[in-house]
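Numbering (mature numbering (1 follows the signal peptide of the UniProt record, and there is no 0)), first residue to last: -23 to -1, 1 to 414.
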């Protein structure tokens, strides 16, 4: 529609958000539980801040576009935005990370005990991989270039290595507000007190002298990095490293050929799983925004990346034309955490009844904002240049309810008498809006 109708529609939708008919399902205890970092009460996560004191700043972080210092022994630097850094993430099941890699920099083999990671390369190239659990201990690897996407399943040892002579940068979404990290080298060779070298020598099948060398340098020079990588992959094959039996299986790659209906997808035969099942290429490519709202969402869910099945996360690129709008919508099954890669956006969400509070923020390159699960939210490119954003979503299938399409474009149409009464406007206005859908 023309710009005049966009503003009319936006006003109508925000009015609709204030209607009693839009109350959230009572199964959701509350919209927000912003972390109160000043509380001395211990809970699983954080105590909630008084909702009356919640501000847009609680959902905001600035500066994720800035390069980080990689002058350390492994040549990488992870900037994790979890509920400690963005209090509004508390209870919302997602976080985000920027990873900077120096030439030949390594994000060493590690585990996220509470999260699956989906990563896209913004700059440079990476050699990445993960190892499945016992008894297979299969190494799944892939070379990623700018715009490629890869999934690291929860609880599995994984790594990223910049094999090139130029720096690399990647952005990850993680399916927990506090994914945790267990760097294998630090945990195994740098524990306090140290694990007995007799135990490690036996586990690794090496001489104790080599093990002692590793104890002496848990953050070792580059010459030891490759040795450690080989040792760790050997360790992954040891029965002592089996995953918690509470995890039913490492992977459940979606079998899109099955006719069986389940919640999600039937699993592909594990013997047929390939690196391609966790991979997508081309997320760096601009999308076509020549449509009525001037935006284009590229969603990478379990339909596009079968390896995401059961892993509780997905990713999206959103392109915005000048004055483009990602119209007010809901993700019924996911919280969204978004960072701006290019341009500027005016964003916001509306809390549920009875407050129906609009929380807004202007985002620029490198800024990050959180849209809580189930709340109406939008992004608007108010500038004369295009904008691009990247989002992580806390579901393999977040779902999408575009309010305008659902309310004014349902089939069959909702009675204009009902909508006119709900919106408090004349039926002619409702008919005029419905004609656009």
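Cβ atoms here follow ideal geometry from the backbone N, Cα and C, with glycine treated the same way.
Let me know if residue i comes out buried or exposed under the rule of 16 or more other beta-carbons within 10 Å of its beta-carbon.
| i | result |
| --- | --- |
| residue 34 | exposed |
| residue 410 | buried |
| residue 77 | buried |
| residue 32 | exposed |
| residue 170 | exposed |
| residue 152 | buried |
| residue 132 | buried |
| residue 188 | Note that residue 188 scores a pLDDT of 45, beneath 50, so its modelled location is shaky and nothing firm can be said. |
| residue 398 | exposed |
| residue 48 | exposed |
| residue 46 | exposed |
| residue 387 | exposed |
| residue 125 | buried |
| residue 279 | buried |
| residue 20 | exposed |
| residue 84 | buried |
| residue 344 | buried |
| residue 227 | buried |
| residue 384 | buried |
| residue 217 | Residue placement at residue 217 is flagged as unreliable, the pLDDT there being 36, under the threshold of 50; a coordinate-derived value is accordingly withheld. |
| residue 315 | buried |
| residue 89 | buried |
| residue 351 | buried |
| residue 440 | As displayed, the chain neither begins before -23 nor continues past 414, which places residue 440 out of reach and without an answer. |
| residue 157 | exposed |
| residue 349 | buried |
| residue 382 | exposed |
| residue 415 | Examination of residue 415 is not possible in this model, given that the chain is present from -23 through 414 alone. |
| residue 112 | exposed |
Give every residue of the same chain whose Cβ lies closer than 8 Å to the Cβ of residue i, excluding the five residues on either side of it in the sequence, and list them in chain order.
| i | result |
| --- | --- |
| residue 394 | 404 |
| residue 321 | 339, 340, 341, 342, 358, 359, 360 and 364 |
| residue 17 | none |
| residue 286 | 229, 230, 231, 241, 242, 244, 279 and 373 |
| residue 123 | 98, 99, 100, 101, 102 and 261 |
Taking 7 Å as the cut-off, is the CB of residue i close to at least one heavy atom of the ligand MN?
| i | result |
| --- | --- |
| residue 356 | The model on display carries no ligand, and the ligand MN is accordingly not part of it. |
Starting from the C-beta of residue i, find all residues in its chain whose C-beta is less than 6 Å away, skip the five residues before and the five after it, and write them out in chain order.
| i | result |
| --- | --- |
| residue 149 | 74, 94 and 96 |
| residue 283 | 230, 231 and 254 |
| residue 14 | none |
| residue 115 | 109 |
| residue 118 | 106 |
| residue 370 | 291, 311 and 313 |
| residue 356 | 303, 322 and 324 |
| residue 135 | 107 and 129 |
| residue 36 | 65, 346 and 347 |
| residue 12 | 23, 60, 64 and 67 |
| residue 51 | 83 and 85 |
| residue 142 | 80 |
| residue 10 | 25, 67 and 68 |
Could you pull the DSSP bridge partners for residue i from this structure?
| i | result |
| --- | --- |
| residue 78 | 53 and 145 |
| residue 132 | Answer is none; residue 132 lacks a bridge partner. |
| residue 122 | 102 |
| residue 411 | Partner(s): none; residue 411 has no beta bridge. |
| residue 37 | 346 |
| residue 160 | 87 |
| residue 95 | 128 and 150 |
| residue 108 | 116 and 134 |
| residue 58 | 73 |
| residue 229 | Partner(s): none; residue 229 has no beta bridge. |
Any Cβ of chain C within less than 8 Å of the Cβ of residue i?
| i | result |
| --- | --- |
| residue 170 | The structure shown has no chain C; it contains just one protein chain. |
Which residues in the same chain have their Cβ closer than 7 Å to the Cβ of residue i, if we skip the five residues on either side of it in sequence?
| i | result |
| --- | --- |
| residue -22 | For residue -22, the predicted structure reports a pLDDT of 47, less than 50, and the residue's modelled location is therefore unreliable. A value from the coordinates is still provided. Nothing meets the Cβ criterion. |
| residue 406 | none |
| residue 70 | 152, 153, 154, 312 and 371 |
The segment 374 to 385 touching the segment 309 to 319, judged by at least three CB pairs closer than 8 Å:
A contact exists between the segment 374 to 385 and the segment 309 to 319.
Sufficient close CB pairs (3 or more, under 8 Å) joining the segment 15 to 27 to the segment 324 to 338:
No: the two stretches stay apart, fewer than three of their Cβ pairs being nearer than 8 Å.
Meets three-Cβ-pair contact criterion under 8 Å: the segment 55 to 63 and the segment 296 to 304
Taking 8 Å as the limit for Cβ pairs, the verdict is that the segment 296 to 304 does not touch the segment 55 to 63.
Between the segment 322 to 333 and the segment 254 to 272, do three or more beta carbon pairs fall short of 8 Å?
Flag = no, the segment 322 to 333 and the segment 254 to 272 do not touch.
Per the contact definition of three or more C-beta pairs closer than 8 Å, is the segment 128 to 143 in contact with the segment 258 to 269?
No, they do not touch.
Could you tell me which whole beta strand (DSSP E) segments of length 3 or greater appear in the segment 248 to 334?
Segments of the beta strand (DSSP E) lying fully in the segment 248 to 334: 272 to 277, 291 to 297, 302 to 307, 313 to 319 and 321 to 327.
Entirely enclosed beta strand (DSSP E) segments - the segment 339 to 392, minimum 3 residues
As far as the segment 339 to 392 is concerned, its whole beta strand (DSSP E) runs of at least 3 residues are 345 to 348, 353 to 357 and 364 to 370.
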